[in-house]
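What follows is a set of notes on a single structure, which appears directly below.
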Ligand code: 5GP
């Protein structure tokens, strides 16, 4: 998605070799016009997938999930992050290793809001090693929900998550896919 790539080039800040900060437009201060375009692009990619629900993870995924859900006209559900888990019978849960903070946390989704009747579009801001996404996939599996699409805003293609997900045959589309980055600049994969 050219608009997103241009915005990342203009306003993204690379920290070291692995972290990209996009908090001036995507996950702290938010440009809602850009989010609307992201929602439209996700709709263009997955409109024929029979999506009944958008699933994401708090906090950064929520705005993106809302932008998508508005266009698909379905609800958005976000997985909650829990520091210590009260295992209950009313939630699906999965453990996730945080790329940005280096710790583990659990995610939970209420059984009330995801079921085997759902066909899910999973969305998130970043894909790095794939831990967050694998947690969301585990939640879908526990619910018996099928995955109709995975839409990621920014995939860091030099980290293994994206290739591993594609190798499993899952329908992953990344709107901006970074080949390499440094403080000197950012290179995207052409598609
Ligand atoms: P993964 O679980 O794929 O290793 O990392 C994805 C999660 O970590 C995303 O939900 C995102 O919040 C966070 N993340 C990973 N890499 C970056 C990054 O370069 N910048 C920011 N801001 N968040 C990242």
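Numbering (the numbering used here), first residue to last: 1282 to 1472. Just so it is clear, CB atoms sit at the ideal spot from N, CA and C, and this is done for glycine as well. Note that the structure is a prediction, hence the values are computed from the model and not measured.
Could you give the C-beta distance for residue i and residue j, rounded to a whole number, given that I count them as a contact under 8 Å?
i	j	result
residue 1363	residue 1387	5 Å
residue 1402	residue 1432	6 Å
residue 1356	residue 1348	With 8 Å as the limit, residue 1356 and residue 1348 do not qualify as a contact, their Cβ atoms being about 14 Å apart.
residue 1406	residue 1341	4 Å
By alpha-carbon positions, which one of the options ends up nearest to residue i?
i	options	result
residue 1491	1383, 1423, 1411	Here the chain covers residues 1282 to 1472 and nothing more, so residue 1491 does not appear.
residue 1312	1294, 1452, 1288, 1328	1288
residue 1327	1404, 1372, 1414	1404
residue 1330	1470, 1459, 1452	1452
residue 1301	1320, 1442, 1467	1467
residue 1441	1296, 1292, 1412	1412
residue 1292	1282, 1283, 1305	1305
residue 1430	1344, 1472, 1322, 1303	1322
residue 1307	1296, 1343, 1283	1343
Are the CB atoms of residue j and residue i within a distance shorter than 8 Å?
i	j	result
residue 1410	residue 1439	no
residue 1428	residue 1394	no
residue 1324	residue 1352	yes
residue 1414	residue 1459	no
residue 1463	residue 1298	yes
residue 1319	residue 1285	yes
residue 1416	residue 1377	yes
residue 1530	residue 1408	Past the boundaries of the shown model lies residue 1530; the chain is included only from 1282 to 1472, so the question cannot be answered.
residue 1372	residue 1389	yes
residue 1398	residue 1434	no
Next on the checklist: Does the structure place the stretch 1333–1349 close enough to the stretch 1412–1421 that three or more beta carbon pairs sit under 8 Å?
Outcome noted: yes
Item to check | Minimum length 4: unbroken alpha helix (DSSP H) runs contained in the stretch 1341–1392 | outcome: 1341–1353
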